[in-house]
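Residues 1080 to 1306 in our numbering are what the sequence shown spells out, letter by letter. Ideal Cβ positions, reconstructed from N, Cα and C, are used throughout, including at glycine. All values reported here derive from a predicted model rather than from experimental measurement. Just below is one structure, and these are the notes that go with it.
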Amino acid sequence: FDLDKTTNFKLGGKRYTAAIHKRKYSKQELWGGVVLNAAVMLSDDKKIKQTMADIQAALKKAKLPVKVMDWQKASGQVGQLVAVIRVVLYTAVFIIFIVALIIINNSMLMSTMERTREIGTMRAIGAQRGFVMRMFLAETGVLALIFAGLGAVVGSALVMWMHSTGIPASSDFFYFLFAGPRLHPALLVGHVGAAFSIVAVVALLSTWYPARVAMRITPREAMGAEE
1080 FDLDKTTNFK LGGKRYTAAI HKRKYSKQEL WGGVVLNAAV MLSDDKKIKQ
1130 TMADIQAALK KAKLPVKVMD WQKASGQVGQ LVAVIRVVLY TAVFIIFIVA
1180 LIIINNSMLM STMERTREIG TMRAIGAQRG FVMRMFLAET GVLALIFAGL
1230 GAVVGSALVM WMHSTGIPAS SDFFYFLFAG PRLHPALLVG HVGAAFSIVA
1280 VVALLSTWYP ARVAMRITPR EAMGAEE
């Protein structure tokens, strides 16, 4: 029975030699040995369902009564703990974005109030409401693109550095959670693009209300504004 023919896994533990890795075990050794379970680490986790089906088919063909399951089912409560931690992290990120939206909204609103005379002058010489609104959105869009790009570059560099050095497990809990002494986060292009897009969208949404306030400023209100 050879798992290499059914899946594309890589050896995760360095303590096993290549000879043990490449050895083919008989059905009697697999069923009557001291090992009760085996973990298969995929090089591409997107193929987990297909890989599980291939392994199950190979086991059925070899007449081995072995059950195939993913890591969440196999880990039991630990898998549930990981899901809870993921929900907590997503909730924290959502709260951060809400706080950022409020801060940007207040900053842009104050900036709008400080530029009441300038906006009123533009309206007096013929600027339409749509032009004023597009001007504010364009201003925020340019700033969002610049600083979101800088944040993406700095964040990518930080993740790459942590991937090379690893985040040390400071306690037994983190050692268990990291599945080893260090956690090596991976940089994915999709995550970078998603973060960039979310920051830009949050910035534009936070500018929507201040832009509408600026759009409604009339020349008469600007003339009555304080110096």
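With H, G and I counted as helix, E and B as strand and the rest as coil, what does DSSP make of residue i?
| i | result |
| --- | --- |
| residue 1180 | helix |
| residue 1237 | helix |
| residue 1267 | coil |
| residue 1083 | With a pLDDT of 46 at residue 1083, under the threshold of 50, the predicted position of this residue should be treated as unreliable, though the coordinate-derived value follows. Residue state, collapsed to three classes: helix. |
| residue 1295 | coil |
| residue 1102 | coil |
| residue 1194 | coil |
| residue 1121 | strand |
| residue 1229 | helix |
| residue 1262 | strand |
| residue 1164 | helix |
| residue 1147 | coil |
| residue 1272 | helix |
| residue 1159 | helix |
| residue 1116 | coil |
| residue 1205 | coil |
| residue 1288 | helix |
Starting from residue i, trace the alpha helix (DSSP H) in both directions and tell me its first and last residue.
| i | result |
| --- | --- |
| residue 1249 | Looking at the DSSP string, residue 1249 is not in any alpha helix (DSSP H), and its letter there is neither H nor E. |
| residue 1138 | 1127-1140 |
Could you tell me if residue i is buried or exposed, where buried requires 16 or more neighbouring beta carbons within 10 angstroms of its beta carbon?
| i | result |
| --- | --- |
| residue 1144 | exposed |
| residue 1170 | exposed |
| residue 1293 | buried |
| residue 1296 | buried |
| residue 1138 | buried |
| residue 1151 | exposed |
| residue 1290 | buried |
| residue 1174 | exposed |
| residue 1210 | exposed |
| residue 1181 | exposed |
| residue 1183 | buried |
| residue 1212 | buried |
| residue 1177 | exposed |
Counting only beta-carbon separations shorter than 8 Å, does residue i have a partner in chain D?
| i | result |
| --- | --- |
| residue 1137 | Protein chains in the displayed structure number just one, and chain D is not present. |
### Message
Using 8 Å as the cut-off, can you tell me whether the stretch 1184-1204 makes contact with the stretch 1252-1263, which would need three or more C-beta pairs spanning the two stretches below that distance?
### Response
The stretch 1184-1204 makes no contact with the stretch 1252-1263, as fewer than three CB pairs between them are under 8 Å.
### Task
Could you tell me whether the stretch 1233-1251 touches the stretch 1191-1205, where touching means 3 or more Cβ pairs closer than 8 Å?
Pairwise C-beta distances place the stretch 1233-1251 out of contact with the stretch 1191-1205, as fewer than three of them are shorter than 8 Å.
### Task
Tell me, please, whether the stretch 1223-1234 touches the stretch 1271-1283 by the rule of three or more beta-carbon pairs shorter than 8 Å.
The stretch 1223-1234, when compared against the stretch 1271-1283, does touch it at the 8 Å Cβ threshold.
### Task
Flag this pair as touching only if the stretch 1225-1245 and the stretch 1267-1280 have three or more C-beta atom pairs under 8 Å; answer yes or no.
Segments in contact, yes.
### Query
Between the stretch 1158-1170 and the stretch 1261-1273, do three or more beta carbon pairs fall short of 8 Å?
In short, these stretches do not touch, since the Cβ pair count stays below three.
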